[in-house]
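S.K.: Take this structure first; my questions come after.
Protein chains in written order, with this note's numbering: chain W, 1496 to 1941; chain S, 3 to 658.
Next comes the structure, spelled out in structure tokens:
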């Protein structure tokens, strides 16, 4: 029995550019999706003005243009539907969410092009280009996925994953080694642990959906000696863009972060505790985090007091591996002769007086525009959320099976699938890994 | 000196793999020779006198469904039967039998000697006869040559086997049997990757010297399970119980004090042992905070007083063995009849095998059993069966066959071995099967007997029984959706009592079956089910076999229940299988050039080149091959097909 390939959906435009966001769907379910979400008949290759309806609650998500192509006369050779709307992450999120709820799945990097090629829509001579595209978008997507995982989210997910593995180990051990006096088959205990996992997943999903934990767009880290004016810079940037400033808890020296939106392009800014040779353990932790931020950041905003003639050698040393990412900013020009703006390879500003801020933002925008941006962190974030949602559903079903029917093997099956879903975020956990855990946790041996 | 007769298949080794291979090949009308160094050891159980268990029982049922001998022999020799995980769902229930060694060996040997087309010969094999990259026969120790286009090697732990007891070691394939050194050397000279594994076995004890009253008895189940789908309870011999006892702190102290003298712990043994069958030394070292370890006292048979203490495998020196054994509860006066020992042996990296178990470097040469790095009689038997089948198919120039991961545990076993290889002796667990809910003991015949019929592996009675079973299940499934319990009948009252809630509308039996509070035995008590029961009984009458009919009847209603209760999960898994079916069926040419694909890491290219997976599906399971890599592969495959019209290997994929 052959099955039809999945219907796939992806963002066709990078998040935040220009005011248009295009979501593209390809596959057999396009017809049904179009019906439910556009509520009007679709004519191929006709740009139709339409409301986009959320299939979950029938509310209007957006008003835009729908473009339908009937296979094989489409980009991929399958039925294709494009939703051209107003961009903006919230709208696009709901749109994609709605489409996924109707049975589509998020496309893998380069999958649309891959399908186009496999369905003979692209020339054979383009095979290498296609392969290159798949390869590069995968790399980009992987790095986006990595960046999308902020510290707190990553920690939470890792912990949940460990708990799921733990329950799996107990359940599988009880199933594969019933003769051993393992004492694992304590249903109440397993239920308690499972419920804890479910709760943790629900919490995490809630936070992630509010956008607090997964970010999109590029990251910039502000670095400099304590009195250079980093915090003032952060405040004024955040204030100018009317963004949210949140404190990231969990560190002894709080790391401030702000989500900016510069002409529609999201930028995440982190003000680290400050890089310096730290003496005690507590400060060392803060410095370690600052160093990690340097690695992951797309840009490093190196803020110096324009009066300081000698740059801090410690900072200079720390920044030397990241030269291409560094944007030099000289602050406190209000007391000098310097004019605000970009010159001599640096940006001259006065955070206190609000001088040179607009040029700084323009400069940042230019930097971001220059870099290639294909799948983007938007999709990465969406993938993480989908994986979490699936993991939660499996755990809930597993809990039901265990609680109502004491069906251990069905719980094991649900956990296996939950583990697979989480593995999409944290990395695969194979059968060998599972067996390894079982044998190291329990003394089994006949 | 050449033996005058030429054979189609020569099987080297008369153990669990060898006997299944030889019998299957002969059933398929091939001319088969089984060569063993000792006819008396045909069908011998080297270690634990038991068949089945979790994962293993599943393999036995599948072997039986394909006409193999293991299940039947276990029925004739089983002296204590249990169904494991009985209180858990059907997917994880497994049958296990303690077997009388003598009865088991007799059953196997009898089958071998009664099989038409199968001849036996006793001589150790010294060498393979090769012509370039093809096998053409074997040569025995005395120089006698036997010729055949296919040879199945199933020499178990005999290749360069070295036995260790404490500080002593000597060559041996098994206690009391010599190692195969000539063959081992000759094979090491071939282009095979060889590794070293080890395994251990406990001392055997004279049961007369044990204090059973200090132990806990473990009788078998009642009613008794049956392994073979064609087997009967009446075939079982006399039943005896097992016993459970445990080590003491004193045991642990003795062992700890002598750890350095353990062959496995002193580093004198090459090779990696199985994690799940640790020696007692291992257990004590790794789980220090346990002050006692359980062990199972298993009778070796009806005609001996020897017992097998399961759980204290060891390679400590004999005097230490004696001391620690006597510190076990109930073992104070124990007399050891045979010392425990560790054995290290050569094995061949199974990644050099095709899914048919034919080796990639040498055409016509098949490897099956422990030499592929597995452990367990059942794992060996399963491989032997597949190797024997495919040796014959090769000789008959017919398409090869092997079960897929989604069809049988045997499929999981083979796929795991040839895709991942193994670092420790590989043993089957249900957690290895992603389709565990579909691959149950109860449906092995439904899954595999039809293909067995096509391959000529089974007799008509079995096929007739299967056909009847399939028809009746299908017919009754339909009927039950249309059998209604009306609100005004007595049946309703009975059901409400069972369900603990009111039934307001009429409901079908099918729907009722899905309720976890109800099971088939309860529903069968309802008067409306009597008609169904009667129908089935009548339909089975032509088999003219009361016990078999009764069993089939139970199986049929059992299937109806299981299929109802698992319906949602079965559907989901079948959907998953359908999704991967496309990838499984997409072939890759044997000589496909992986190096031309830019974007694949060097590591992945190396793996693909050394593996040469026959399908995309198999490629995707190789460690390190990501979905993106598969995408790239598909793109280049298409380009290759479009450009050069390369005709790929004929459909040797077993996909029907």
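Backbone N, C-alpha and C define an ideal beta-carbon position, used for all residues, glycine too. Owing to the predicted nature of the structure, the values given are computational and were not obtained by experimental measurement.
For the segment 277 to 290 of chain S, enumerate the residues whose C-beta is nearer than 9 Å to any C-beta of chain W, in chain order.
M.R.: Result list: 277, 278, 279, 280, 281, 282, 284, 285, 288 and 289.
S.K.: If you measure from the beta carbon of residue 1613 of chain W to each beta carbon in chain S, is any gap under 8 Å?
M.R.: Position 118 of the first chain holds residue 1613 of chain W. Yes, residue 1613 of chain W counts as interfacial toward chain S.
S.K.: Residues of chain W with a CB under 7 Å from the CB of residue 170 of chain S: which are they?
M.R.: Taking the second chain and counting its residues from 1, the one referred to as residue 170 of chain S is at position 168. Those do not exist, as residue 170 of chain S stays about 24 Å from chain W at its closest Cβ, beyond 7 Å.
S.K.: Leaving out the 5 sequence neighbours to the left and right, which residues in its chain are closer than 8 Å to residue 362 of chain S when beta-carbon positions are compared?
M.R.: Here residue 362 of chain S refers to the residue found at position 360 when the second chain is read from its first residue. These residues qualify, in order along the chain: 354, 355, 356 and 614.
S.K.: Out of W:1561, W:1547 and W:1762, state which residue places its alpha-carbon closest to the alpha-carbon of residue 1588 of chain W.
M.R.: If you number the first chain from 1, residue 1588 of chain W lands on position 93. Closest option to residue 1588 of chain W, Cα to Cα, is W:1547.
S.K.: Is the beta carbon of residue 79 of chain S closer than 8 Å to that of residue 239 of chain S?
M.R.: The residue labelled residue 239 of chain S in the question sits at position 237 within the second chain. The residue labelled residue 79 of chain S in the question sits at position 77 within the second chain. Cβ distance < 8 Å, so residue 239 of chain S and residue 79 of chain S count as in contact.
S.K.: Counting only beta-carbon separations shorter than 8 Å, does residue 1916 of chain W have a partner in chain S?
M.R.: The count along the first chain starts at 1 and reaches residue 1916 of chain W at position 421. It does not: the Cβ of residue 1916 of chain W has no partner Cβ on chain S nearer than 8 Å.
S.K.: Quick check: the Cα distance between residue 1749 of chain W and residue 1880 of chain W, rounded to an integer number of angstroms?
M.R.: Residue 1749 of chain W sits at position 254 when you count from the first residue of the first chain. Residue 1880 of chain W sits at position 385 when you count from the first residue of the first chain. Any reading at residue 1749 of chain W must be qualified, since the residue scores a pLDDT of 48, below 50, and its modelled position is unreliable; the value itself is stated next. Cα-Cα distance, rounded: 27 Å.
S.K.: Please work out which residues of its chain come closer than 6 Å, Cβ to Cβ, to residue 314 of chain S, disregarding the five sequence neighbours upstream and downstream, and give them in chain order.
M.R.: For the purposes of this step, residue 314 of chain S is taken as residue 312 along the second chain, with counting starting at 1. Contacts found: 204, 282 and 297.
S.K.: Counting only the same chain and skipping the five closest in sequence on each side, list residues whose C-beta sits under 6 Å from that of residue 561 of chain S.
M.R.: Here residue 561 of chain S refers to the residue found at position 559 of the second chain. The answer, listed in chain order, is 475.
S.K.: Is it a yes or a no for the segment 1907 to 1922 of chain W touching the segment 421 to 431 of chain S, going by three-plus beta-carbon pairs under 8 Å?
M.R.: The segment 1907 to 1922 of chain W, when compared against the segment 421 to 431 of chain S, does not touch it at the 8 Å Cβ threshold.
S.K.: Run through the DSSP bridge pairs and tell me what residue 97 of chain S is partnered with.
M.R.: Within the second chain, residue 97 of chain S is the residue found at index 95, counting from 1. Note: residue 97 of chain S sits in a beta bridge opposite S:85.
S.K.: With DSSP as the reference, label residue 1566 of chain W as helix, strand or coil.
M.R.: Numbered from 1 along the first chain, position 71 holds the residue referred to as residue 1566 of chain W. Of the three classes helix, strand and coil, the one that applies to residue 1566 of chain W here is coil, per DSSP.
S.K.: Tell me which residues of the segment 60 to 89 of chain S have at least one Cβ-Cβ distance to chain B shorter than 7 Å, keeping chain order.
M.R.: Absent from the structure: chain B. Protein chains present are W and S.
S.K.: Does any CB atom of chain W fall closer than 8 Å to the CB of residue 93 of chain S?
M.R.: By 1-based counting over the second chain, the position of residue 93 of chain S is 91. By this cut-off, residue 93 of chain S is an interface position.
S.K.: By the 8 Å beta-carbon criterion, what residues does the segment 30 to 62 of chain S contribute toward chain W?
M.R.: Of all residues in the segment 30 to 62 of chain S, 50, 56 and 57 have a Cβ within less than 8 Å of some Cβ in chain W.
S.K.: Does the beta carbon of residue 523 of chain S sit closer than 8 Å to a beta carbon anywhere in chain W?
M.R.: Residue 523 of chain S sits at position 521 when you count from the first residue of the second chain. No - not a single Cβ of chain W is within 8 Å of the one on residue 523 of chain S.
S.K.: For residue 1713 of chain W, tell me which candidate among W:1794, W:1701, W:1669 and W:1649 has the shortest Cα-Cα distance.
M.R.: Mapped onto the first chain, residue 1713 of chain W falls at position 218. The option with the nearest alpha carbon to residue 1713 of chain W is W:1794.
S.K.: Taking CB distances under 8 Å as the criterion, tell me whether residue 619 of chain S reaches chain W.
M.R.: Residue numbering aside, residue 619 of chain S sits at position 617 when the second chain is read from its first letter. Cβ-Cβ to chain W under 8 Å: no for residue 619 of chain S.
S.K.: Would you mind telling me which residues of chain S sit closer than 9 Å to residue 1899 of chain W, beta carbon to beta carbon, in chain order?
M.R.: Position 404 of the first chain, counted from the first residue, corresponds to residue 1899 of chain W. Within 9 Å Cβ-Cβ: 518.
S.K.: Assign residue 49 of chain S to one of three DSSP states: helix, strand, or coil.
M.R.: Start at 1 with the first residue of the second chain, and residue 49 of chain S comes out as number 47. Looking at residue 49 of chain S - three-state DSSP - the assignment turns out to be coil, as it is neither helix nor strand.
S.K.: So with CB distances below 7 Å, who are the chain S contacts of residue 1625 of chain W?
M.R.: Within the first chain, the letter at position 130 stands for residue 1625 of chain W. By Cβ distance, chain S contributes 637.
S.K.: Could you tell me whether the Cβ atoms of residue 385 of chain S and residue 392 of chain S are closer together than 8 Å?
M.R.: Reading the second chain from its first residue, position 383 is the one you call residue 385 of chain S. Reading the second chain from its first residue, position 390 is the one you call residue 392 of chain S. Taking 8 Å as the Cβ cut-off, residue 385 of chain S and residue 392 of chain S do not qualify as a contacting pair.
S.K.: With 8 Å as the C-beta to C-beta threshold (strictly closer), list the residues of the segment 588 to 606 of chain S near chain W in chain order.
M.R.: So the close ones are 599, 600 and 601.
S.K.: Under 8 Å between C-beta atoms, does residue 310 of chain S make it to chain W?
M.R.: Here residue 310 of chain S corresponds to residue number 308 of the second chain, with the count starting at 1. So no, residue 310 of chain S is outside the interface.
S.K.: How long is the line joining the alpha carbons of residue 1901 of chain W and residue 140 of chain S, rounded to whole angstroms?
M.R.: For the purposes of this step, residue 1901 of chain W is taken as residue 406 along the first chain, with counting starting at 1. For the purposes of this step, residue 140 of chain S is taken as residue 138 along the second chain, with counting starting at 1. Roughly 56 Å separates the two Cα atoms.
S.K.: Checking the sheet assignment: what are the DSSP bridge partners for residue 360 of chain S?
M.R.: Working through the second chain from its first residue, we reach residue 360 of chain S at position 358. Paired residues: S:368.
S.K.: For residue 1855 of chain W, would you say it is in contact with chain S, using Cβ-to-Cβ distances shorter than 8 Å as the test?
M.R.: As a working mapping, residue 1855 of chain W is identified with position 360 in the first chain. For residue 1855 of chain W, the answer is no, since every Cβ of chain S falls outside 8 Å of its Cβ.
S.K.: Counting contacts by CB-CB distance shorter than 8 Å, is residue 405 of chain S in contact with chain W?
M.R.: Within the second chain, numbered from 1, the residue matching residue 405 of chain S stands at position 403. No, no contact with chain W.
S.K.: With DSSP run on the structure shown, which of helix, strand or coil describes residue 1843 of chain W?
M.R.: Numbered from its first residue, the first chain carries residue 1843 of chain W at position 348. Correct three-state label for residue 1843 of chain W: strand.
S.K.: What does residue 427 of chain S reach in chain W if we use C-beta pairs closer than 9 Å?
M.R.: Working through the second chain from its first residue, we reach residue 427 of chain S at position 425. The contacting residues do not exist; residue 427 of chain S stays about 13 Å from chain W at best.
S.K.: Answer yes if the segment 474 to 489 of chain S comes into contact with the segment 429 to 447 of chain S, meaning at least three C-beta pairs across the two stretches below 8 Å, and no otherwise.
M.R.: With the cut-off at 8 Å, the segment 429 to 447 of chain S and the segment 474 to 489 of chain S do not touch.
S.K.: Looking at the strands, I want to know which residues DSSP matches up with residue 527 of chain S.
M.R.: Residue mapping note: residue 527 of chain S aligns to position 525 of the second chain, counting from 1. According to DSSP, which records beta bridges pairwise, residue 527 of chain S is partnered with nothing at all.
S.K.: Quick one: which chain W residues come within Cβ less than 8 Å of residue 382 of chain S?
M.R.: The sequence position of residue 382 of chain S within the second chain is 380, counting from 1. By Cβ distance, chain W contributes nothing, its closest Cβ being about 18 Å from residue 382 of chain S, past 8 Å.
S.K.: Buried or exposed, going by whether 16 or more other CB atoms sit within 10 Å of the CB of residue 627 of chain S?
M.R.: Within the second chain, numbered from 1, the residue matching residue 627 of chain S stands at position 625. Answer is buried; the Cβ neighbour count reaches 16.
S.K.: Three Cβ pairs or more, each shorter than 8 Å: is that satisfied between the segment 577 to 589 of chain S and the segment 600 to 615 of chain S?
M.R.: With the cut-off at 8 Å, the segment 577 to 589 of chain S and the segment 600 to 615 of chain S do not touch.
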